[in-house]
Each structure stands twice: as C-alpha cells, then as structure tokens.
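In what follows, a single structure is set out as structure tokens and then discussed.
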Amino acid sequence: MIRILKYVILDIIKNRLVLAYAIILAVLSWSLFSLEDNSAKGVLSLTNVVLLLVPLFSVIFSTIYLYNSAEFIELLVSQPLKRKDIWLGFYTGLSLALAAAFMIGAGLPLLFFR
Amino acid sequence: MIQFENVSKRFGSLEVLKNVNLDMASGHCIALIGPNGCGKTTLIKSLLGMVIPDEGSIHVNGAEIIHQHLHRAGLGYMPQIGKYPGNLTIGQLIDMVRHLRPDQPIYDEYLIDSFGLRTLQSKKMATLSGGTIQKVSAALAFLFNPPVLVLDEPTAGLDPLSSETLKLKISQEVINGKLVLITSHILSELDDLVSQIIFMQEGRILFHKSVEALLAETKESKISKAIVTLLAKTVNS
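If you're matching them up, the sequences are chains A and B in order. For the first sequence, numbering that gives the first Met the number 0 gives the first residue as 0, with consecutive numbering after it. For the second sequence, numbering that gives the first Met the number 0 gives the first residue as 0, with consecutive numbering after it.
This is the structure we're talking about:
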C-alpha cells in the first residue's frame, strides 16, 4: 500500500488543479481575514465558504483522478498486489494530497491572522 | 502450464465465455485470434484476475488462481492501450513497478536498452507518443523475466524497427521455454512467430491446433489463408 501511495502522491503533487485549489484557498482565506477587523468573524465566514468548497472539490477531483487512472489501475491489477492494497493506496494518497493542499491554502493564513 | 476448465462468464444477458476448456504448455507461442467481441480479452482478463469467471476454474502451474493474487508474479502483461499517470516520468514508472515487486530483484532490461528508453528517462508520460507508450508497456511486461507473457496486440502502433525488435525478443523467450500468449488481428505478422493457434468464436473455442497441423489440414502455406479456408469450410458445411 505504501509503495502505491508514494507514487500516487508524486503524481498528484505535480497536478496543476491541486496547485490551483491550494492557491484559491489561500487567496480566499487571506482576503476574508483582511476584510474583517475581528478574526473571529473572519473564521466564521471562512468556515461557511470552506464547508461548501472543500467537499465539492474533493469529490470532483477524486472522481476525475480515478476515472483518468483506469488504465493505470489495470496495470496495478496485473501486478501481484491485493485489490484492497491498491484501493487503500489510492484512497490515502488522494486524502493526504488534498489534506496537504487544504492545510497550506487555509491553514497557513489561519495561523498567521490568529 | 495453464489450464482452463469449463470457464463461463456472462455480463448480464450476454454470454461472453461458454464452457471454455484450454490446456496451454510452456515453450509455445500461442496466438489467440477471432472476430471482434468473441471473448479474447475476457479470456485474458480472467487469467490476469481482472475478470472473475462465474463458473469453472483456472490453474497456473497446478494452483487455482481465482481470487488469488500471488500467481501474477509469474505473469507479464502488455495492455493493448497503456495509459499511465501523466506526471510521472518513464524512470519513475519503471522504478515504481520494481518497488511493487521487491521479491523479484533480477531484471531483464534488454527492451529498455534496445528501445532507447534510457535516454528518455526523465520525460513525463503525458508527453509521450502512442508508440513510445507501447514501448514502455512492452519493457515493463518483460522486465521481471516472467514464465508467462500475455501480450495484447503487441505490435500495434510500433514502428517497423521496434516491432521487429519486439518480435525477435518474443521468439527468443519462446526458445527459453516461456509461454507467450498473443492476441492480434494482423495475421501476416504471426507467421514466423507462433507455434499454436486458438481460434475463438462467440465465446467458444473453435479449435486449438499447432500451426503445422493447421497448414497441413488446409494445404496452405500462410496462417492467414489457412484460417480463411477453414472458416469458409465451417460456414459451408
């Protein structure tokens, strides 16, 4: 599982869509924090946006990524690997990469404006 | 080496494999041919464990393989259309497949060298042409020196020089006592390669014969002509 995970993350990190996602999150949280004089208010409006944006992007991106990886999964299935490991590798790889994008995009401004 | 026993598979109301019985021995290059949609790919996929048959059993080296995964260490598969993660480079992809099989540390890098893939190592998969991707697929299939090779349309999309290299490699591996299973629609290129022919039609094995027997029976000199003659005979009778 770890071996698949490594290469899934290597592939996703260089994906432009994930980079754009992190930048959009960063711009959004930065501007929301700058607009509000009270950081508690900023967190509240950021929560509202993030609650909608993050699940939407995660679901759509994962679907597109898995769909495009169909032939790659075929290659993995023809290797001596358990199917469970292949799915776990993809799942954790996607989760970690998207979580990292969120941490960088929304987490850093949060720490900065606290 | 590989035995199919009464293998059946249906997708909904469509019966793709009907009671397939096959016995394939090593040291042969076997061509799997038949019209489109006759079940060739399903047969290959059930051997690779991508499709699980509804009935029957498949044995590789005497061991049952349905719902197993370890037998795939002895299989090399070259897909018809390979597609790999676009942001990985050729070198990374080859390294990844090596890491996926840590218990097979002896590599056969002949194809990587003769296809010139070393000079392309740092190219991303997304930027490669169809033929180069085919070369990568072929190199990956042969990398672990597996006793069984499954090649789905191996020379489609390859330039004449590379396809000659690949054919030479295939016949070399057959001499080394491996079992090579090829599907192809280009019958003319099979002539100097294969030793046995399996012809499928509508999910059934029409015949499984050695090339000599087939040629003797139809009194032809080329595989393509022999099959046409044989098919005309079955239609007429």
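Ideal Cβ positions, reconstructed from N, Cα and C, are used throughout, including at glycine. No experiment lies behind these values; they were computed from the predicted model shown.
Element boundaries [beta strand (DSSP E), containing residue i]
i, result
"residue 20 of chain B", "13 to 23"
"residue 208 of chain B", "203 to 209"
"residue 77 of chain B", "74 to 77"
"residue 151 of chain B", "147 to 151"
"residue 2 of chain B", "1 to 10"
Residue i in three-state terms, based on DSSP
i, result
"residue 106 of chain B", "coil"
"residue 50 of chain B", "coil"
"residue 58 of chain B", "strand"
"residue 200 of chain B", "strand"
"residue 195 of chain B", "strand"
"residue 177 of chain B", "coil"
"residue 80 of chain B", "coil"
"residue 154 of chain B", "coil"
"residue 219 of chain B", "coil"
"residue 29 of chain B", "strand"
"residue 122 of chain B", "coil"
Of the listed residues the options, nearest to residue i (C-alpha basis)
i, options, result
"residue 54 of chain B", "B:19, B:234, B:60, B:233", "B:19"
"residue 77 of chain A", "B:184, B:149, B:228", "B:149"
"residue 108 of chain B", "B:126, B:128, B:130, B:139", "B:139"
"residue 62 of chain B", "B:31, B:0, B:13", "B:0"
"residue 141 of chain B", "B:130, B:173, B:126", "B:173"
"residue 200 of chain B", "B:98, B:85, B:33, B:229", "B:33"
"residue 12 of chain A", "B:66, B:81, B:85, B:67", "B:85"
"residue 88 of chain A", "A:103, A:112, A:72", "A:72"
"residue 159 of chain B", "B:130, B:144, B:170, B:135", "B:130"
"residue 0 of chain A", "A:110, A:85, A:107, A:48", "A:85"
"residue 118 of chain B", "B:135, B:104, B:220, B:67", "B:135"
"residue 171 of chain B", "B:144, B:45, B:79, B:80", "B:144"
"residue 60 of chain A", "A:14, A:48, A:41, A:74", "A:14"
"residue 60 of chain B", "B:105, B:188, B:147, B:13", "B:147"
"residue 81 of chain B", "A:80, A:97, A:69", "A:69"
"residue 4 of chain B", "B:17, B:49, B:21", "B:21"
"residue 109 of chain A", "A:17, A:18, A:44, A:16", "A:44"
"residue 71 of chain B", "B:209, B:49, B:156, B:122", "B:49"
"residue 47 of chain B", "A:36, A:40, A:75, A:37", "A:75"
"residue 207 of chain B", "B:106, B:220, B:193", "B:193"
"residue 107 of chain A", "A:4, A:54, A:17, A:22", "A:22"
"residue 66 of chain B", "A:54, A:36, A:80", "A:80"
"residue 103 of chain A", "A:4, A:8, A:28", "A:28"
Contact check, residue i vs residue j, beta carbons under 7 Å
i, j, result
"residue 15 of chain B", "residue 52 of chain B", "no"
"residue 197 of chain B", "residue 74 of chain B", "no"
"residue 202 of chain B", "residue 36 of chain B", "no"
"residue 222 of chain B", "residue 191 of chain B", "no"
"residue 113 of chain B", "residue 164 of chain B", "yes"
"residue 83 of chain B", "residue 69 of chain B", "no"
"residue 89 of chain B", "residue 110 of chain B", "no"
"residue 128 of chain B", "residue 152 of chain B", "no"
"residue 20 of chain A", "residue 95 of chain B", "no"
"residue 77 of chain B", "residue 125 of chain B", "no"
"residue 233 of chain B", "residue 217 of chain B", "no"
"residue 112 of chain A", "residue 32 of chain A", "yes"
"residue 24 of chain A", "residue 105 of chain A", "yes"
"residue 195 of chain B", "residue 43 of chain B", "no"
"residue 82 of chain A", "residue 98 of chain B", "no"
"residue 58 of chain B", "residue 2 of chain B", "yes"
"residue 214 of chain B", "residue 231 of chain B", "no"
"residue 41 of chain B", "residue 8 of chain B", "yes"
"residue 186 of chain B", "residue 10 of chain A", "no"
"residue 97 of chain A", "residue 38 of chain A", "no"
"residue 167 of chain B", "residue 133 of chain B", "no"
Residue i: first and last residue of the uninterrupted alpha helix (DSSP H) it sits in
i, result
"residue 163 of chain B", "159 to 174"
"residue 95 of chain B", "89 to 99"
"residue 78 of chain A", "First-last for residue 78 of chain A: undefined, no H or E at that position."
"residue 8 of chain A", "1 to 12"
"residue 50 of chain A", "38 to 67"
"residue 140 of chain B", "129 to 141"
"residue 19 of chain A", "15 to 34"
"residue 189 of chain B", "It is not in any alpha helix (DSSP H) - residue 189 of chain B carries neither H nor E in the DSSP assignment."
"residue 110 of chain A", "107 to 112"
Between the segment 24 to 42 of chain B and the segment 175 to 189 of chain B, do three or more beta carbon pairs fall short of 8 Å?
-> yes
Pair every Cβ in the segment 83 to 103 of chain A with every Cβ in the segment 54 to 72 of chain A, then say whether three or more of these pairs are closer than 8 Å.
-> yes
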